[in-house]
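Visitor:
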Amino acid sequence: MAVVDDHDLFVRGLELLLPEVSGGRATVVATTKDAAYAASVVRHAVPDVVLVDLHMPPPGGIRAIRSVRQAAPRSRVLAMSGDDDPGIAIEALRGGATGFLPKSSDPASLLQPLLAALDGWAVMPDSLLAVVFEQDRRQASHPATEALSERERELLRWISAGASTVEMAGRMHVSERTVKRMTATLLRKLRVSSRAEAAALAGSAGLL
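Using the UniProt record's numbering, the letters of the sequence shown map in sequence onto residues 1 to 208.
1. For a test of the three-state rule: what should DSSP assign to residue 78, helix, strand or coil?
2. Could you check if residue 46 is buried or exposed, using at least 16 other CB atoms within 10 Å of its CB as the buried criterion?
3. Where do the N-terminal and C-terminal ends of the beta strand (DSSP E) with residue 49 fall, by residue?
4. Please tell me whether residue 54 and residue 83 are closer than 9 Å, where the distance is taken between their beta carbons.
5. In chain order, what residues of the same chain lie with their CB nearer than 6 Å to the CB of residue 50, ignoring the 5 residues before and after it?
6. At 4 residues or longer, and completely inside the UniProt domain "Response regulatory" (1-118): list those alpha helix (DSSP H) runs for me, N to C.
7. If residue 159 sits next to residue 198, beta carbons under 8 Å apart, how far is it from one beta carbon to the other, in whole angstroms?
8. So residue 92 packs on residue 79, CB below 8 Å; how close in whole Å?
9. Quick check on the DSSP output: what are the complete alpha helix (DSSP H) runs of length 4 or more inside the UniProt domain "HTH luxR-type" (141-206), in order along the chain?
10. Cα-Cα, which of 114, 163 and 168 is closest to residue 21?
11. Once the 5 residues before and after residue 10 are set aside, which same chain residues still bring their CB inside 6 Å of it?
12. Just the Cα atoms here: how many angstroms apart are residue 169 and residue 24?
13. Report the CB separation of residue 101 from residue 17 in whole angstroms; it is logged as a contact under 8 Å.
14. Got a sec? Which residues, its chain only, sit under 6 Å from residue 39 by beta carbon, not counting five neighbours each side?
15. On a Cα-Cα basis, can you pick out the residue from 147, 15, 181 and 31 that is closest to residue 4?
16. I think residue 150 touches residue 172, with their Cβ atoms under 8 Å apart; what is that distance to the nearest whole Å?
17. So, is residue 162 buried or exposed, given that buried needs 16 or more other C-beta atoms within 10 angstroms?
18. Only counting the same chain, and skipping five residues up and downstream in sequence, which positions put a Cβ closer than 6 Å to that of residue 165?
19. Work out the CA separation of residue 188 and residue 201 for me, nearest whole Å.
20. Cutting at 6 Å between CB atoms, please list the residues of its own chain near residue 140, excluding the five before and the five after it.
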């Protein structure tokens, strides 16, 4: 297992507890505190499972998941977060995570789900699973949203939050001109004529 997390005590706890609980079957073979190096670490270690903390300094956990999936497509990626908001968990699943674990200060609480993931199971809390099912149901009634890329979904969420073009350019690390071009393309895909209509559609489709 590889761990992408900037909390030293948590990572050390996993390193000590995982071999003991699994009878030596599972160990932490690589770690990194920097999400930017996640892909490189995983490419060299080739772990069966990669555990990624979503709340990390830029480029952040979501981008780390995407880069890990590209670098090691056979590795299963589990996202974790201490945040109760299901939105970031769903974003991680869309980014390529195969499961999600609520994070606590005690790494022992994650051991059984981690062992299940090593056996090939997809793990996530019942509450999150219910949200995922509900969003799938809503999106089925709005087929235009199904064709959106992850980048377009991110843009739509910023639009819905009322962000300006300048703010979105900074958040998405692109130019203002690129944001304007992406927004025009997004509105055409959604078959709406304004940002307000796009935000309303996002809300009814459960994308927020």
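Don't be surprised by glycine CBs; every beta carbon is placed ideally from N, CA and C.
Guide: Inspection of the coordinates gives the following:
1. In this structure, residue 78 counts as strand in the three-state DSSP scheme.
2. Classification of residue 46: exposed, given that the 10 Å Cβ count is below 16.
3. Counting along the chain, the unbroken beta strand (DSSP E) around residue 49 starts and ends at 49-53.
4. yes
5. 2, 42, 68, 75 and 77
6. 8-21, 38-45, 60-71, 86-94 and 111-118
7. 6 Å
8. 4 Å
9. 143-146, 150-160, 165-172, 176-190 and 195-204
10. 114
11. 107
12. Rounded to whole angstroms, the gap between the alpha carbons of residue 169 and residue 24 is 47 Å.
13. No, residue 101 and residue 17 are not in contact; Cβ-Cβ is about 15 Å, not under 8 Å.
14. 67, 68 and 71
15. 31
16. That pair is no contact at about 12 Å.
17. exposed
18. 176 and 179
19. For residue 201 and residue 188, the distance between alpha carbons rounds to 13 Å.
20. Because residue 140 sits at a pLDDT of 48, beneath the cut-off of 50, its placement in the model cannot be relied upon, and the point is left open.
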